[in-house]
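Take a look at the structure below.
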Amino acid sequence: MALDNYRDLSDRSKSLSAGFQFEFACSHCKTAWRSPYRPFRTGQLTGVLLRASHYIRKLSVVGQVGADLAEYATDKAHAEALQDAMVLARQRYTECPKCQHAYCDNCMDGSVCVPCMGSALDHAPRAGSEAGAASATCPQCQAAAAGGRFCAECGFDFAATHKSCPGCGALCQRQSRFCTDCGHSF
Numbered sequence: 001m002a003l004d005n006y007r008d009l010s011d012r013s014k015s016l017s018a019g020f021q022f023e024f025a026c027s028h029c030k031t032a033w034r035s036p037y038r039p040f041r042t043g044q045l046t047g048v049l050l051r052a053s054h055y056i057r058k059l060s061v062v063g064q065v066g067a068d069l070a071e072y073a074t075d076k077a078h079a080e081a082l083q084d085a086m087v088l089a090r091q092r093y094t095e096c097p098k099c100q101h102a103y104c105d106n107c108m109d110g111s112v113c114v115p116c117m118g119s120a121l122d123h124a125p126r127a128g129s130e131a132g133a134a135s136a137t138c139p140q141c142q143a144a145a146a147g148g149r150f151c152a153e154c155g156f157d158f159a160a161t162h163k164s165c166p167g168c169g170a171l172c173q174r175q176s177r178f179c180t181d182c183g184h185s186f
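Here the sequence shown is numbered in UniProt numbering, starting from 1 and rising by one per residue.
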């Protein structure tokens, strides 16, 4: 799973607060989760040595060696901390198979995310109105209705038994209170 929805909150400095933490967020609702803070002991030790070197001259060389060691170990420790945080984040976020983004449980509807589900619903009314128009037949001669007010075969006036939706133009039964294609009320 590609968990690229995170912010790096790590403190890579050579100080007493050196450590790694990451904040992951849902791609839809932006609900955030922070990984547990993981202290970077080498950086913290270097911070102590650098502070002590200001007071004791002989420790300045030791402080510099510690700084070099911390610099060398930072990238590896950061990569390990990120990997551990991603393992924990995979337990909280699910990847949508359609769009490949990570979502929290609230934004997943079964196996598809809410945005992908919404885009599928946006296309559904158009497909439904086309199917509804094609399946409408004249009640007098049973010919397929072309969508106008009169039947093209026998001239039957559909206004007597049907009405068209002002929202989408679909043909509906006269007694209907709502359009069967778009849901517009009559």
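We put the beta carbon where it would ideally sit given N, CA and C, even for glycine.
DSSP-derived helix/strand/coil call for residue i
i	result
Arg149	coil
Leu171	strand
Thr180	coil
Ala124	The predicted model places Ala124 with a pLDDT of 48, which falls under 50 and marks its position as unreliable, so this point remains unresolved.
Ala18	coil
Ile115	The question names Ile, but residue 115 is Pro in the sequence shown. Pro115: helix per DSSP, three-state reduction.
Arg38	strand
Gly132	Residue confidence for Gly132 is low, a pLDDT of 43 falling below 50, so the modelled location carries little weight and cannot support an answer.
Ala143	coil
Own chain partners of residue i with C-beta closer than 8 Å, once the 5 adjacent residues on each side are dropped
i	result
Gly132	Any reading at Gly132 needs caution, since the residue's pLDDT is 43, under 50, leaving its predicted position unreliable; the model's value is listed next. Ala170, Leu171, Thr180, Asp181, listed in sequence order.
Tyr37	Gly19, Phe20, Gln21
His184	Cys165, Pro166, Gly167, Cys168, Phe178
Val114	His28, Tyr103, Cys107, Met108
Sequence-distant residues of its chain with Cβ nearer than 6 Å to residue i (five each side left out)
i	result
Arg126	Here Arg126 scores only 44 on pLDDT, less than 50, and its place in the model is too uncertain to base an answer on.
Thr31	Cys104
Cys154	Gln140, Cys141
Pro39	Gly19
DSSP bridge partner residues for residue i (one or two, in chain order)
i	result
Phe24	Tyr6, Trp33
His162	Gln173
Ala77	Bridge partners of Ala77: none, in fact.
Ser185	Phe178
Ala102	Glu95
Thr46	None, per the DSSP bridge assignment.
Sub-8 Å separation of residue i and residue j beta-carbons
i	j	result
Cys29	Cys96	no
Cys116	Cys138	no
Leu9	Phe24	no
Ser27	Ala85	no
Ala144	Phe158	no
Trp33	Ala89	yes
7 Å Cβ shell around residue i - same chain, five flanking residues per side excluded
i	result
Gly128	At Gly128 the pLDDT is 44, less than 50, meaning the model places this residue with poor confidence; the figure from the coordinates comes in the next sentence. Excluding positions up to five away in sequence, the list reads Asp181.
Arg174	Thr161, His162, Lys163
Asn106	Cys29
Arg149	Asp157, Phe158, Ala159
Ser111	Pro97
Contact test: residue i Cβ vs the ligand FMN heavy atom, cutoff 7 Å
i	result
Cys113	Of the ligands one can find in the structure shown there are none, so the ligand FMN has no counterpart to examine.
CB contact check: residue i to chain D, cutoff 8 Å
i	result
Ser35	Absent from the structure: chain D. Only one protein chain is present.
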